[in-house]
Amino acid sequence: MRYIDFVNLEHVPSETDLVCDFHLEPEGISLKEAAGGIAAESSIGTWTELTTEKPYINRLHATVFSLEKNECKIAYPVELFEPGNMANILSSVAGNVFGLEALKNLRLNDVHFPESLVKSFKGPRFGISGIRKLLQVEHRPLVGTIIKPKLGLRTYDHAKVAYEAWVGGCDIVKDDENLSSQLFNPFVDRVTETLEMRDQAEEETGEKKVYLVNVTAETQEMLRRAEYVQEQGGRYMMVDIITCGFSALQTLRNHDLDLMIHAHRAGHAAFTRSKNHGINMKVIAKVARLLGVDQLHVGTAVGKMSETKEDVLENVDALKQPMFGLRPVLPVASGGLHPGMVPDLMKIFGSDLVIQAGGGIHGHPMGTKSGATAVRQAVKAVIEGKTLIEYAGDHKELSTALETWSTR
78 MRYIDFVNLE
88 HVPSETDLVC
98 DFHLEPEGIS
108 LKEAAGGIAA
118 ESSIGTWTEL
128 TTEKPYINRL
138 HATVFSLEKN
148 ECKIAYPVEL
158 FEPGNMANIL
168 SSVAGNVFGL
178 EALKNLRLND
188 VHFPESLVKS
198 FKGPRFGISG
208 IRKLLQVEHR
218 PLVGTIIKPK
228 LGLRTYDHAK
238 VAYEAWVGGC
248 DIVKDDENLS
258 SQLFNPFVDR
268 VTETLEMRDQ
278 AEEETGEKKV
288 YLVNVTAETQ
298 EMLRRAEYVQ
308 EQGGRYMMVD
318 IITCGFSALQ
328 TLRNHDLDLM
338 IHAHRAGHAA
348 FTRSKNHGIN
358 MKVIAKVARL
368 LGVDQLHVGT
378 AVGKMSETKE
388 DVLENVDALK
398 QPMFGLRPVL
408 PVASGGLHPG
418 MVPDLMKIFG
428 SDLVIQAGGG
438 IHGHPMGTKS
448 GATAVRQAVK
458 AVIEGKTLIE
468 YAGDHKELST
478 ALETWSTR
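Following our numbering, the numbering of the sequence shown begins with 78 at its first residue and continues without gaps.
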C-alpha cells in the first residue's frame, strides 16, 4: 500500500479503535501523503511496495480519517497493540514516525484509548479520594513542599527541614527529583530519620502528614527501596516517571504495594515544550494515569514553568476525565510558587490540588515553619472569601510572605 492509501476521509472509526491526534508539517510532500505516511509507518506500511504483503494484513492498517490544515486524526485497530504493554503502544504511535525525513515537524497532541486497552492496565490504586482519605482532608487543597536546597543537605538537616515544614502546616513533604542515595544523604538513613520527624509532627499537630521519598533507581533497586519505605511505615513513594521509564513505573505499580505513587515528570519538557514537535503533556498524563500514578505534576500557569493556563487545564482534564472507571489522579502544581499565588492557583485548579512550594516556603524570611504557615493561611483566606491583604492584617507569616514576594 502507498502512503496515500492510508487516507480515507469517509472512514468512521470504531469505538474499539485507538485514535491519535497529530499536528504535522510536511517537508517536500503533500499534506495528504504526509498524514498517510504517519498512519502507514505506525501500523503495517512502509515506504515501498512489498512482496511479503498478505490480503489478511490489510484489515490492520491505520486510517487517516480527518485532515484539516496541519491537524490529522488517525484510527488504529486495537488488534495492533498488545494489551497491558505501554511500551508497545507508544513504540507504534510515538516511535519512528518522529524521524521521518518527509516531516519537518510532528507532534502527538492526544491519544484516545479504547476501553479494552484502558482495562488492561491497573490504573491508580488510590487516586484523589484515597489520598484525601489518608490525609483526612476533605475539601481544601493540600499544601506541600520540596526539601531545599534540593541537593547537599545531610540526613539530619534534611529531616529537620521536613519537620519544620510539617509543623508549620504542610501536609506533604517530598524529595526533589535528583535526590536519590548520595553519600551526603543515604536513602535508608533518610527514610528512617525523616519518618521519625513525620511521626513527631503528627503528634504535635494532630494532623496526618506524609513524606514522598524518591525511590527512583534501576527497577529492581526501586522495588527494594519502595518495600523498605513500606516496612518503615511510609505511606507514599515518589518516582521520576520519565527518566526511569514507563515500564519500570508499571512494574512498580503492579507490585501492589500499599504506597501511593507521586509522579514527578522531570525531563518531560525535552519533548513536550514545543507546540510543533514532540508529545503533548496531556498524553503523558493519560499514560501515567493508565500505569497507576496517584498524583502528577501538571504545571502551574502562574509559576516559573513554561505552560500556559490552557495547557495546564488540559493536563488536569486528562487526569480527571471519565476513562472507563479509572480513578482520577490528583494534580500537583509546583515550580516557582509562593503564598501570593494561592488565589490564582485555586481559581485555576479548584480544590483538588497539591500546592507545592519549595523556595516559596523555605525562602520565607522567618524560616521554613513560617513559610508553610503562610501558605496554609493563604488557602484559608481564599476558602473564607477574603483577600490575602485582608487576611494578612492579623497573620504575620502571610504578611511577611506578601512583602517578600509581592514584586516578583
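Where is the CB? At the ideal position from N, CA and C, for every residue including glycine.
Fair warning: this is a prediction, and the values are worked out from it, not measured in the lab.
Straight-line gap, residue i to residue j (C-alpha atoms, nearest Å)
i, j, result
"Met314", "Val290", "5 Å"
"Lys251", "Ala242", "11 Å"
"Phe348", "Gln398", "24 Å"
"Ala303", "Ser258", "13 Å"
"Leu272", "Phe190", "39 Å"
"Leu300", "Val292", "8 Å"
"Asp248", "Ile208", "11 Å"
"Gly448", "Ile460", "19 Å"
"Ile81", "Pro103", "14 Å"
"Asp471", "Gly246", "17 Å"
"Leu167", "Leu127", "25 Å"
"Ile224", "Val409", "16 Å"
"Gly437", "Lys237", "18 Å"
"Val393", "Gln433", "16 Å"
"Asp98", "Lys146", "13 Å"
"His345", "Gly172", "16 Å"
"Thr222", "Thr481", "18 Å"
"Lys109", "Pro132", "24 Å"
"Val268", "Leu430", "25 Å"
"Ser483", "Glu474", "14 Å"
"Pro154", "Ile361", "21 Å"
Outcome for residue i when other beta-carbon atoms lying within 10 angstroms are tallied against a minimum of 16
i, result
"Asp47", "The displayed coordinates of the chain run from 78 to 485. Any statement about residue 47 would go beyond what the structure contains."
"Thr450", "buried"
"Val174", "buried"
"Arg404", "buried"
"Phe264", "buried"
"Tyr233", "exposed"
"Thr377", "buried"
"Gly113", "buried"
"Asn262", "buried"
Those residues which DSSP pairs with residue i across a bridge
i, result
"His100", "Glu148, Arg184"
"His138", "For His138, which the question treats as bridged, DSSP gives no partner whatsoever."
"Val220", "Ile432"
"His339", "Met315, Gln372"
"Ile249", "Gly221, Val287"
Do the region 355–371 and the region 195–204 make contact, defined as three or more Cβ pairs closer than 8 Å? yes
Suppose only complete runs of 4+ residues qualify. What are the alpha helix (DSSP H) ranges in the region 152–202, listed by chain order? 163–170, 192–195
So within the region 360–418, which uninterrupted alpha helix (DSSP H) runs reach at least 4 residues, ignoring any that extend past its ends? 386–397
Say whether the region 82–102 touches the region 139–146, bearing in mind that this needs 3 or more beta-carbon pairs closer than 8 Å, one atom from each stretch. Taking a cut-off of 8 Å on C-beta distances, the region 82–102 touches the region 139–146, as three or more cross pairs fall below it.
Could you tell me which uninterrupted alpha helix (DSSP H) segments, each at least 4 residues in length, are contained entirely in the region 251–320, listed from first to last along the chain? 264–282, 296–308
Taking 8 Å as the threshold, find out whether the region 338–354 comes into contact with the region 422–430 through three or more Cβ pairs. no
Count Cβ pairs between the region 279–288 and the region 316–325 that sit closer than 8 Å; are there 3 or more? no
Would you check if the region 154–168 and the region 319–332 touch, i.e. whether three or more CB-CB distances between them fall below 8 Å? Result yes; three or more Cβ-Cβ pairs closer than 8 Å.
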